[in-house]
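There are 2 protein chains.
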Amino acid sequence: MFKALSDPIRLRLLSLIASHEGGEACVCDLIGLFDVSQPTISHHLKVLRETGLVGSERRGTWVYYWVLPEALAKLSALLQTPAVPAEASA
Amino acid sequence: MFKALSDPIRLRLLSLIASHEGGEACVCDLIGLFDVSQPTISHHLKVLRETGLVGSERRGTWVYYWVLPEALAKLSALLQTPAVPAEASA
DNA sequence: CGCTTGCATCGACAGCCGTCGATACAGCGT
DNA sequence: ACGCTGTATCGACGGCTGTCGATGCAAGCG
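Protein sequence lines, in the order shown, are assigned to chains C and H.
The working numbering applies: residue 1 is where the first sequence begins, and numbers increase by one.
The working numbering applies: residue 101 is where the second sequence begins, and numbers increase by one.
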């Protein structure tokens, strides 16, 4: 999961999707915002999807992506408790 | 920063240091817990240090590392607000 | 039914990064 | 001063991964 977020393009993709109108964006809205080719964007979106950070759905001709906040919440909680909670009583 | 956390060894190092007695650990306590060589551990600790995730101090013969919680808190907050805060009013 | 557009997949290549052994450096004990 | 232990740095190598062009597939349109 951290690995999925370790790429600047993927991080920006996530931010763009989340801040897009309706909380979702189609690929055609994203491929113009980067200096990389369309296959590369598609590849990064696939990584985000397989990591569980975003969901996707084909809607007619276009494919839409949206952020799954649960995954982000999990990571956020993890960073707030770096020590193992099971040993907290010691 | 996410890049620094994207390596399993670094992630475990961070967890081990945080959960160690006194919130800090010397390198000699860590090098035995992994299947990699001492230079590799030293390399990963350097990455964590340069990223601002941990602090280090030489104390006599040994070098101690501890976690800087501010960095983790920043990331945690970032994940809770995936959209850019500056555009929140829109 | 063929053409066009949107997106995904494939195969190949290059650069990055984690890894190691060897070595250098620092501090302590003798 | 010398050696010993703990840690960092160096140089090299291999595998992973981000990138591309080419191509394939899906859906709408004439």
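Glycine included, each C-beta is placed from N, C-alpha and C at the ideal position.
Pick from the options that is closest to residue i, judged by C-alpha positions
i                 : options                                    : result
Val-163 (chain H) : H:Cys-126, H:Ser-137, H:Ile-141, H:Leu-113 : H:Cys-126
Gly-52 (chain C)  : C:Ser-6, C:Glu-70, C:Pro-8                 : C:Glu-70
Tyr-65 (chain C)  : C:Leu-78, C:Lys-46, C:Leu-79               : C:Lys-46
Ala-73 (chain C)  : H:Ala-173, H:Gln-180, H:Leu-172            : H:Gln-180
Lys-3 (chain C)   : C:His-20, C:Glu-50, C:Glu-21               : C:Glu-50
Contacts around residue i, its chain only, beta-carbon distance under 8 Å, and the 5 residues preceding and following it disregarded
i                 : result
His-144 (chain H) : Asp-107, Ile-109, Arg-110, Leu-113
Cys-128 (chain H) : Trp-162
Leu-168 (chain H) : Gly-152, Leu-153, Val-154, Gly-155
Ala-90 (chain C)  : Because the pLDDT of Ala-90 (chain C) is 38, which lies under 50, any placement of that residue in the model is unreliable, and the number read from its coordinates should be weighed accordingly. Within the same chain, Ala-90 (chain C) has no close Cβ partners at all.
Ile-41 (chain C)  : Ile-9, Leu-13, Val-27, Leu-30, Ile-31, Phe-34
Ala-188 (chain H) : Since pLDDT at Ala-188 (chain H) reaches only 44, below the 50 mark, its modelled position is unreliable, and no value is offered.
Gly-123 (chain H) : Ile-117, Trp-166, Val-167
Residue i beta carbon near the ligand NAP (any heavy atom closer than 7 Å)
i                : result
Tyr-64 (chain C) : Ligands in the displayed structure: none, and consequently the ligand NAP is not present.
Residue environment, residue i, which counts as buried when at least 16 other CB atoms sit within 10 Å
i                 : result
Leu-130 (chain H) : buried
Leu-148 (chain H) : buried
Ala-18 (chain C)  : buried
Inter-residue CB distance, residue i and residue j (contact presumed, cutoff 8 Å)
i                : j                : result
Leu-33 (chain C) : Leu-16 (chain C) : 7 Å
Cβ neighbours of residue i in the same chain (closer than 6 Å, five flanking residues each side left out)
i                 : result
Gln-138 (chain H) : Ile-131
Pro-85 (chain C)  : Confidence is the limiting factor: at Pro-85 (chain C) the pLDDT is only 45, short of 50, which leaves the residue's position unreliable, though a coordinate-based value still follows. Taken in chain order, the list of residues that qualify is empty.
Val-36 (chain C)  : none
Glu-157 (chain H) : Tyr-164
Residues near residue i by beta carbon distance below 7 Å, same chain, minus five either side
i                : result
Leu-75 (chain C) : Met-1
Chain C contacts made by the stretch 124-140 of chain H, where a contact means CB separation under 9 Å
Those would be none; no residue qualifies.
Against chain C, which members of the stretch 139-167 of chain H pass a CB distance test of less than 8 Å?
Residues of the stretch 139-167 of chain H with a Cβ closer than 8 Å to any Cβ of chain C, in chain order: Val-167.
For the stretch 9-20 of chain C, list every residue whose C-beta sits within 8 Å of some C-beta in chain H, in sequence order.
Going along the stretch 9-20 of chain C in chain order, one finds Leu-11, Leu-14, Ser-15, Ala-18, Ser-19 with a Cβ nearer than 8 Å to chain H.
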